[in-house]
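Heads up: the sequence lines are chains D and L, in that order. Residue numbers for the first sequence follow this note's numbering, so the first one is 1 and each next one is one higher. Residue numbers for the second sequence follow this note's numbering, so the first one is 158 and each next one is one higher. Ideal placement from N, C-alpha and C gives every residue a C-beta, glycine not left out. Note that the structure is predicted; figures quoted are calculated from it, not measured.
Protein chains: 2
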Amino acid sequence: MGGPALLPGVALPRPASDPAAAITRGVRRMLAERGIRGLVEFPLANGRRADILALADDGEVSIVEVKSSVVDFRTDQKWPEYLEFCDRFYFAVDPHFPQELIPAGCGLIVADAFGAEVLRPAPLARLAGARRKALTLRVAQVAMARLHRVEDPGLGW
Amino acid sequence: MGGPALLPGVALPRPASDPAAAITRGVRRMLAERGIRGLVEFPLANGRRADILALADDGEVSIVEVKSSVVDFRTDQKWPEYLEFCDRFYFAVDPHFPQELIPAGCGLIVADAFGAEVLRPAPLARLAGARRKALTLRVAQVAMARLHRVEDPGLGW
């Protein structure tokens, strides 16, 4: 019944010495302080992967795209494809990133390995109910599958 | 903003030599083979904890209550309180458990540490939409919070 098809690769966190991993860690910590949890490398229905997908208590979905450098930012111009899968979209960068490069219509987070700050809130573009429902269910399943692999290392797949 | 209040205790899996842990592991493996993931020790809104809460691709919610012995079964007669939080309710027991003790209206799973078999499917009693929505969101958040603690051990809480 398609168990393996549901399985995402295990998202082993990269070491925080990796610049993108440091930003990711800081963003997740900031979110957690607000009672919001972020799932990394979340596979979207359009085939792309969101760096961080966050789910608030009221069901609001944010996607945070991590950019570790100007090159990283310039070589990925597909970010508009994330917009249809979240209520709010943010870029997260380190403190040295030239912030003027970030499009004005996107939220902006500055982060290091230990925390983060929202410099500019993202505008709200609410998901349709059916998509929010499907997305929330999928987030639950991906998180549960990853947790299961951690909790039962003998699972084998 | 209530971050710590959202935090469940980390659900470290008990060693599989514990009879209840062995059954739990086998049930989760059987579910995973069907593409269904089970979250252990899931805190319900009524203050009780479900041994395993499972979420299928179509959003169907099952609760599996693990009973490692007759004493364990007889000393907990509060299982009807789980019914309002799932579409299907099961007891899971080991192969030596006297199955006639399990109420006829409940599903029955027999499990060991390596797998499980559904001996009697649970009747379907569909959740109302609002409760399903709230429950799915909460499952996602609990699973994400536990995963975050695993992936960022320096989180501290």
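Query                                                                                                                                                              : Result
So, does the stretch 30-37 of chain D touch the stretch 65-73 of chain D, judging by three or more C-beta pairs under 8 Å?                                         : no
What ranges does the alpha helix (DSSP H) occupy inside the stretch 28-52 of chain D, keeping only unbroken runs of at least 4 residues that lie completely in it? : none
Chain D partners of Q298 of chain L, CB-CB under 7 Å?                                                                                                              : R37 and L55
Please check the pair A300 of chain L and I180 of chain L, which I expect to be a contact at CB under 8 Å, by giving their CB distance rounded to whole angstroms. : No, A300 of chain L and I180 of chain L are not in contact; Cβ-Cβ is about 21 Å, not under 8 Å.
May I have the straight-line CA-CA distance separating R185 of chain L from R231 of chain L, to the nearest angstrom?                                              : 24 Å
In or out: H96 of chain D buried (at least 16 other Cβ within 10 Å) or exposed?                                                                                    : exposed
What does V228 of chain L reach in chain D if we use C-beta pairs closer than 7 Å?                                                                                 : Chain D residues near V228 of chain L: none, gap ~26 Å exceeds 7 Å.
State yes or no: is the C-beta of E84 of chain D within less than 8 Å of the C-beta of R48 of chain D?                                                             : no
Identify whether I266 of chain L lies in helix, strand or coil by the three-state DSSP scheme.                                                                     : strand
Flag this pair as yes or no: are the beta carbons of L155 of chain D and A189 of chain L separated by less than 8 Å?                                               : yes
Which of the three DSSP states is assigned to F85 of chain D in this structure?                                                                                    : helix
Would you identify the three-state DSSP class for E100 of chain D, choosing helix, strand or coil?                                                                 : helix
Check each residue of the stretch 146-157 of chain D: if its Cβ is closer than 8 Å to any Cβ of chain L, include it; give the result in chain order.               : R146, L147, H148, V150, E151, D152 and L155
Buried or exposed for A302 of chain L, going by 16 or more other Cβ atoms inside 10 Å?                                                                             : buried
What residues from chain L crowd round G59 of chain D, counting only those whose CB sits closer than 7 Å?                                                          : L294
Quick check on R126 of chain D - is its C-beta less than 8 Å from some C-beta in chain L?                                                                          : no
To the nearest angstrom, report how far apart E257 of chain L and W236 of chain L are at their CA atoms.                                                           : 17 Å
Establish whether the CB of R185 of chain L and some CB of chain D are separated by less than 8 Å.                                                                 : yes
According to DSSP, is G129 of chain D part of a helix, a strand, or is it coil?                                                                                    : helix
Quick one: Cα of S17 of chain D to Cα of Q77 of chain D, how far?                                                                                                  : 25 Å
Bridge partners of A92 of chain D, per DSSP?                                                                                                                       : D:V66 and D:I109
Between the Cα of I124 of chain D and the Cα atoms of D:P43, D:A116, D:V61 and D:D51, which residue gives the shortest distance?                                   : The sequence as given places Leu at residue 124 of chain D; Ile does not occur at that position. Ranking the options by Cα distance to L124 of chain D, first place goes to D:V61.
Rounded to a whole number of angstroms, what is the C-alpha to C-alpha distance between T136 of chain D and A297 of chain L?                                       : 7 Å
Run down chain L in chain order and give the residues with a C-beta less than 7 Å from the C-beta of R25 of chain D.                                               : D309
Report yes if the CB atom of D94 of chain D is closer than 8 Å to the CB atom of P43 of chain D, and no otherwise.                                                 : no
Using three-state DSSP, classify G59 of chain D as helix, strand or coil.                                                                                          : coil
Taking the alpha-carbon of E247 of chain L as reference, which of L:L210, L:E198 and L:A202 has the nearest alpha-carbon?                                          : For clarity, residue 247 of chain L is Tyr in the given sequence; the question names Glu instead. That would be L:L210, whose Cα lies nearest to the Cα of Y247 of chain L.
Helix, strand or coil, according to DSSP, for G115 of chain D in the structure here?                                                                               : strand
Run the CB neighbour count on G107 of chain D, radius 10 Å, all protein chains shown included, and call it buried at 16 or more, exposed below.                    : buried
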